[in-house]
Amino acid sequence: MSNVPKTGLGVLGSGKGSNFVAIAEACARNELNAEVRLVISDVPGAGILERAGERNIPNRHLEPGPFRTKLSEEAEAAYVEALRAAGAEWIVLAGFMRILKGGFLRAFPLRVVNIHPSLLPSFPGLRAWQQALDYGVKHTGVTVHLVDQGVDTGPIVSQATVPVLDDDTPERLHTRIQEVEHRLYPEALQALVSGGVRVRGRRSYRN
Ligand code: GAR
Numbered sequence: 001m002s003n004v005p006k007t008g009l010g011v012l013g014s015g016k017g018s019n020f021v022a023i024a025e026a027c028a029r030n031e032l033n034a035e036v037r038l039v040i041s042d043v044p045g046a047g048i049l050e051r052a053g054e055r056n057i058p059n060r061h062l063e064p065g066p067f068r069t070k071l072s073e074e075a076e077a078a079y080v081e082a083l084r085a086a087g088a089e090w091i092v093l094a095g096f097m098r099i100l101k102g103g104f105l106r107a108f109p110l111r112v113v114n115i116h117p118s119l120l121p122s123f124p125g126l127r128a129w130q131q132a133l134d135y136g137v138k139h140t141g142v143t144v145h146l147v148d149q150g151v152d153t154g155p156i157v158s159q160a161t162v163p164v165l166d167d168d169t170p171e172r173l174h175t176r177i178q179e180v181e182h183r184l185y186p187e188a189l190q191a192l193v194s195g196g197v198r199v200r201g202r203r204s205y206r207n
């Protein structure tokens, strides 16, 4: 793997950044043949920016614009410009809590990846672990998928299950889901950046 040039990643996140840390550590261990070139957050002072700073990885807050759940067109253009200038070839959403629209997705076709804390298509949207508890399912899990124009709807790359225990609280269940996320996301990203995943329609195949 060491002779293959590292793939440039751009990471977007709104929260504490534990998935970003798992990805950065997998890169440092050469388990993920990639390098995080830039971390952007829509939230000033977000944990993910601090975690990037501690690792000397370029990071910045970029204004999202006036909407609550998406980036404005101007903001999307600014995000694309910053990511391209940094040499990001794949865009990794790590707890980025805004929907990306056509302009952004056209700039990185089939190269925007998301992780979601449920077995999609169950429980898209916010606080998926709470939705799983409220519904009463016995298993939930984690999904890594490519991003399309919908909310948590793009082609699925990888999934893993997490049992829901009788005495689970939302916090305990989310913690166990995150432990699985930290293993699944770097592994799925390595498959993607190394060209080990083909996508045809909704289905993806490992080479
Ligand atoms: C993760 O659990 C991720 O699956 C979730 O946000 C959390 C971010 O945690 N994403 C979504 O719910 C997207 N719909 P982190 O900041 O510690 O990586």
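Position 170 (the sequence shown) corresponds to 170 in our numbering; numbering is contiguous.
Here a beta-carbon is modelled for each residue, glycine too, at the ideal position from N, C-alpha and C.
All values derive from a computational prediction rather than experimental measurement.
At a cut-off of 6 Å, is H145 close to the ligand GAR when judged by its beta-carbon and the heavy atoms of the ligand? no
beta-carbon S41 near the ligand GAR non-hydrogen atom, thresh 6 Å: no
Report yes if the CB atom of F96 is closer than 7 Å to the CB atom of G13, and no otherwise. yes
Write down every uninterrupted run of the alpha helix (DSSP H) in the region 109–154 whose length is 4 residues or greater and which is fully enclosed by it, in chain order. 128–135
Unbroken alpha helix (DSSP H) runs of length 4 or more, entirely within the region 6–59: which are they? 18–28, 47–54
Helix, strand or coil at R106 [DSSP, three-state]: helix
Determine the closest residue to V11 out of V4, E187, H174, A94, with distance taken between C-alpha atoms. A94
On the criterion of 16 or more Cβ atoms from any shown chain inside 10 Å, does Y185 qualify as buried, or is it exposed? buried
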